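Asker: Mind looking over this structure? Questions follow.
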Amino acid sequence: MSSRRRTLLKVIVLGDSGVGKTSLMNQYVHKKFSQQYKATIGADFVTKELQIEDRLVTLQIWDTAGQERFQSLGVAFYRGADCCILVYDVNVRKSFDTLDNWHEEFLNQASPTDPKTFPFILLGNKVDIDGGNSRVVSDKKAREWCASKGNIPYFETSAKEDYNVDAAFLCVAKLALAND
Ligand code: GDP
Ligand code: MG
Numbered sequence: 010m011s012s013r014r015r016t017l018l019k020v021i022v023l024g025d026s027g028v029g030k031t032s033l034m035n036q037y038v039h040k041k042f043s044q045q046y047k048a049t050i051g052a053d054f055v056t057k058e059l060q061i062e063d064r065l066v067t068l069q070i071w072d073t074a075g076q077e078r079f080q081s082l083g084v085a086f087y088r089g090a091d092c093c094i095l096v097y098d099v100n101v102r103k104s105f106d107t108l109d110n111w112h113e114e115f116l117n118q119a120s121p122t123d124p125k126t127f128p129f130i131l132l133g134n135k136v137d138i139d140g141g142n143s144r145v146v147s148d149k150k151a152r153e154w155c156a157s158k159g160n161i162p163y164f165e166t167s168a169k170e171d172y173n174v175d176a177a178f179l180c181v182a183k184l185a186l187a188n189d
């Protein structure tokens, strides 16, 4: 008899429109990056299987279909989430300033059993742009925000250059698994 256990984990990705949520997911799941901006249409989620120790884990990663701009995502989107990935663009101040709202929105909508210990992770994306010269949010500022929310893990990423993408999602999987 196999000792392997299969686990389905729901992960949701939140953050302002344009920060690279869909691109990060595409890079992670399909190893593809597109420069073109396309509002996400169609599938609500993508899946990725990975092995963590003796567990076979299926990450079900939920993307927003562009409606993050103007409307609430609805309860079905949040229901049963095991981890929440917050994304901002290190070159866009506003996308960092709205993190508080996304964090709060998640807690209000998903109403996890224990909001204090629910696993979040923060990704500062697009660190490749202009060799980092156009960034407006420092690593330090981001880490301070994470500390203020109960030590949320932080990764700087580039969906374009596939920098830290696997590492970030592996962390997500482990957090979600621990919360399952
Ligand atoms: P979303 O609205 O948060 O899903 O953002 P998208 O994934 O659609 O990305 C918005 C735009 O930013 C697209 O033109 C992407 O090609 C671009 N983009 C996303 N991630 C990166 C990145 O890491 N580096 C660079 N240079 N561009 C990126
Ligand atoms: Mg998108």
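Going by the numbering used here, the sequence shown opens with residue 10, and the numbers climb by one from there. Every residue gets a Cβ at the ideal spot worked out from N, C-alpha and C, and that includes glycine. Fair warning: this is a prediction, and the values are worked out from it, not measured in the lab.
1) Any chance you could list the alpha helix (DSSP H) runs of at least 4 consecutive residues sitting entirely within the region 61-117, in chain order?
2) If distances are taken between C-alpha atoms only, which option among Arg144, Ser32, Phe115 and Asn35 comes closest to Gly89?
3) Take Asp137 and list the residues in its own chain whose beta-carbon comes closer than 6 Å to its own, dropping the five residues that flank it on each side.
4) Just to confirm, are Val181 and Ile130 a CB contact at a threshold of 9 Å?
5) To the nearest angstrom, how far is the alpha carbon of Val28 from that of Val99?
6) Would Thr56 pass as a contact of Gln45 if the rule is Cβ separation under 9 Å?
7) Kindly give me the distance between the Cβ atoms of Leu95 and Leu23, rounded to whole angstroms, as I take these residues to be in contact under 8 Å.
8) Please identify the residue among Ala176, Pro121 and Leu108 whose C-alpha is closest to the C-alpha of Ala151.
9) Mind checking which residues open and close the alpha helix (DSSP H) that includes Lys19?
10) Which class does Thr56 belong to by DSSP, given the choice of helix, strand or coil?
11) Does the Cβ of Thr31 lie closer than 8 Å to at least one heavy atom of ligand 1?
12) With DSSP collapsed to three states, give me the class of Gly133.
13) At the level of alpha carbons, what is the spacing between Trp111 and Glu62?
14) Using three-state DSSP, classify Glu170 as helix, strand or coil.
15) In its own chain, which residues sit with a C-beta less than 7 Å from the C-beta of Lys135, not counting the 5 before and 5 after it?
Answerer: So, from the data block:
1) 84-87 and 102-106
2) Along the sequence shown, one-based indexing puts residue 89 at 80. With distances taken between Cα atoms, Gly89 lies closest to Phe115.
3) Locating residue 137 in the sequence shown gives position 128, counting from the first residue. Within the same chain, Asp137 has close Cβ partners Ser167, Lys169 and Glu170.
4) Numbered from its first residue, the sequence shown carries residue 181 at position 172. Numbered from its first residue, the sequence shown carries residue 130 at position 121. Yes; because the gap between Cβ atoms is below 9 Å, this pair is in contact.
5) The sequence position of residue 28 within the sequence shown is 19, counting from 1. The sequence position of residue 99 within the sequence shown is 90, counting from 1. Those two C-alpha atoms are separated by around 9 Å.
6) If you number the sequence shown from 1, residue 56 lands on position 47. If you number the sequence shown from 1, residue 45 lands on position 36. Against a cut-off of 9 Å, the Cβ pair of Gln45 and Thr56 comes out as no contact.
7) The residue you call residue 95 lines up with position 86 of the sequence shown. The residue you call residue 23 lines up with position 14 of the sequence shown. Rounded, the Cβ-Cβ distance is 6 Å, consistent with contact.
8) The residue labelled residue 151 in the question sits at position 142 within the sequence shown. Nearest of Ala176, Pro121 and Leu108 to Ala151, Cα basis: Leu108.
9) As a working mapping, residue 19 is identified with position 10 in the sequence shown. Careful: Lys19 lies outside any alpha helix (DSSP H), inside the beta strand (DSSP E) at Arg14 to Leu23.
10) Mapped onto the sequence shown, residue 56 falls at position 47. Reduced to three states, the DSSP call for Thr56 is strand.
11) Locating residue 31 in the sequence shown gives position 22, where the first residue counts as 1. Yes, the beta carbon of Thr31 sits closer than 8 Å to at least one heavy atom of ligand 1.
12) Position 124 of the sequence shown, counted from the first residue, corresponds to residue 133. Gly133: strand per DSSP, three-state reduction.
13) Counting from 1 along the sequence shown, the entry for residue 111 is found at position 102. Counting from 1 along the sequence shown, the entry for residue 62 is found at position 53. Straight-line Cα distance between these residues: approximately 32 Å.
14) Reading the sequence shown from its first residue, position 161 is the one you call residue 170. Coil at Glu170, not helix or strand.
15) In the sequence shown, the residue the question calls residue 135 occupies position 126. Here the set comprises Gly29, Asp98, Val99, Asn100 and Ser167.
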